[in-house]
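Q: Structure provided below as structure tokens; questions to follow.
Numbering (this note's numbering), first residue to last: 68 to 357.
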């Protein structure tokens, strides 16, 4: 939804952001409890990627030229790095002063610098969730260069990228550890972009019942099939419905939860680790009953 003179605002997207963040949190917190319904919380990451694809296309899909590219880069860096630095630095210090924790690459100066700039190998992420930011920045770079700088139609980027990923998945099978743009997880960025293109051409209003149904399908679907196509389809449906959903009444708490989703996502692993370590101390139980 776009109000006159204002930036685009989609309440459904805000709700979805909050849901995705909490779903990832419960997934990581579930390691000590093993509730089956929370075992699929990793899918929250895919939802975040799809939301990014949608918003970049909807907001910046018509941007062209070097000035627009500079503005795009500035906005993305401001969005990503300040919060990331606040979450990243304490974790670096923890691994530095607690050498029994983690691996050697957690304390490797070169890897620390690479992590600082989010140019590291995703498998060596010092802040556990930062591997997703590596993919996020890669998507921003591809989008900015192709669409904004080179002024090429976005549908050519999406179709070409889709073909490359599928060709590598089923034929070439090149290692995606170094060729990140060929990783299947990029399909969620592409799907989000397609949702935006669809929305711009065929605005459609749905209702809360469909949104609730999509959430239920999204949570329960992996119990019946863990195939990539099934997960991808449910994510696509959920994101599309949240984009198209325009509630009569906006829920302030859910909007604020969506606003805080990035901070929650960045810090939750550290908080869970600290709390878990604290709770497992032998003296904590007697203290709780004083």
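Idealized CB from N, CA, C, for every residue including glycine.
Keep in mind it's a predicted model, so treat the numbers as computed, not measured.
1) Output the distance between the C-alpha atoms of residue 206 and residue 83, rounded to the nearest integer angstrom.
2) Find out if the Cβ-Cβ distance for the pair residue 264, residue 221 is shorter than 9 Å.
3) So, does the segment 198–213 touch the segment 162–181, judging by three or more C-beta pairs under 8 Å?
4) Determine contact between the segment 224–243 and the segment 150–163, defined as no fewer than three beta-carbon pairs at a distance below 8 Å.
5) Would you kindly report the start and end of the unbroken alpha helix (DSSP H) that includes residue 228?
6) For residue 156, collect the residues of the same chain with a Cβ closer than 6 Å to its Cβ; drop the 5 residues on either side in sequence, then sort them by chain order.
7) Apply the 10 Å Cβ neighbour rule to residue 160 and answer buried if 16 or more other Cβ atoms are within range, or exposed otherwise.
8) Residue range of the alpha helix (DSSP H) that residue 243 falls in?
9) So, with DSSP's three-state summary, where would you put residue 79?
10) At what residues does the alpha helix (DSSP H) containing residue 259 begin and finish?
11) Tell me which residue opens and which closes the alpha helix (DSSP H) that residue 161 is part of.
12) Specify, as a first and last residue, the run of the alpha helix (DSSP H) that residue 208 falls within.
13) Please list the terminal residues of the continuous alpha helix (DSSP H) segment that includes residue 110.
14) For residue 135, which residues of its own chain have a beta-carbon under 7 Å away from its beta-carbon, when the five flanking residues on both sides are left out?
15) Consult DSSP for residue 325 and reduce its assignment to one of helix, strand or coil.
16) Assuming residue 236 contacts residue 219 (C-beta within less than 8 Å), just tell me the rounded distance between them.
17) Helix, strand or coil, according to DSSP, for residue 184 in the structure here?
18) Could you tell me how far apart the beta carbons of residue 201 and residue 187 are, in whole angstroms, since I believe they sit closer than 8 Å?
19) Take residue 327 as the anchor and find which of 247, 146, 192, 121 has the nearest alpha-carbon.
20) Closest to residue 217 by C-alpha separation, out of 129, 324, 87, would be which residue?
21) To which residues of the same chain is residue 185 closer than 6 Å at the C-beta, ignoring the five residues directly before and after it?
22) So, for residue 260: in the same chain, excluding its five sequence neighbours on each side, which residues have a beta-carbon less than 6 Å away from its beta-carbon?
A: From the atom records:
1) 20 Å
2) yes
3) no
4) The segment 224–243 vs the segment 150–163: no contact.
5) 221–234
6) none
7) exposed
8) Unbroken run through residue 243: none, as it is neither H nor E.
9) helix
10) 254–268 is the span of the alpha helix (DSSP H), which, as asked, contains residue 259.
11) 133–164
12) 197–210
13) In the DSSP annotation of this structure, the continuous segment of the alpha helix (DSSP H) that includes residue 110 starts and ends at 110–127.
14) 215
15) When secondary structure is reduced to three states using DSSP, residue 325 falls in the helix class.
16) About 24 Å separates the two Cβ atoms, so there is no contact after all.
17) If DSSP states are grouped into helix, strand and coil, residue 184 belongs with coil.
18) 7 Å
19) 146
20) 129
21) 200, 201, 204
22) Answer for residue 260: 120, 124, 225, listed in chain order.
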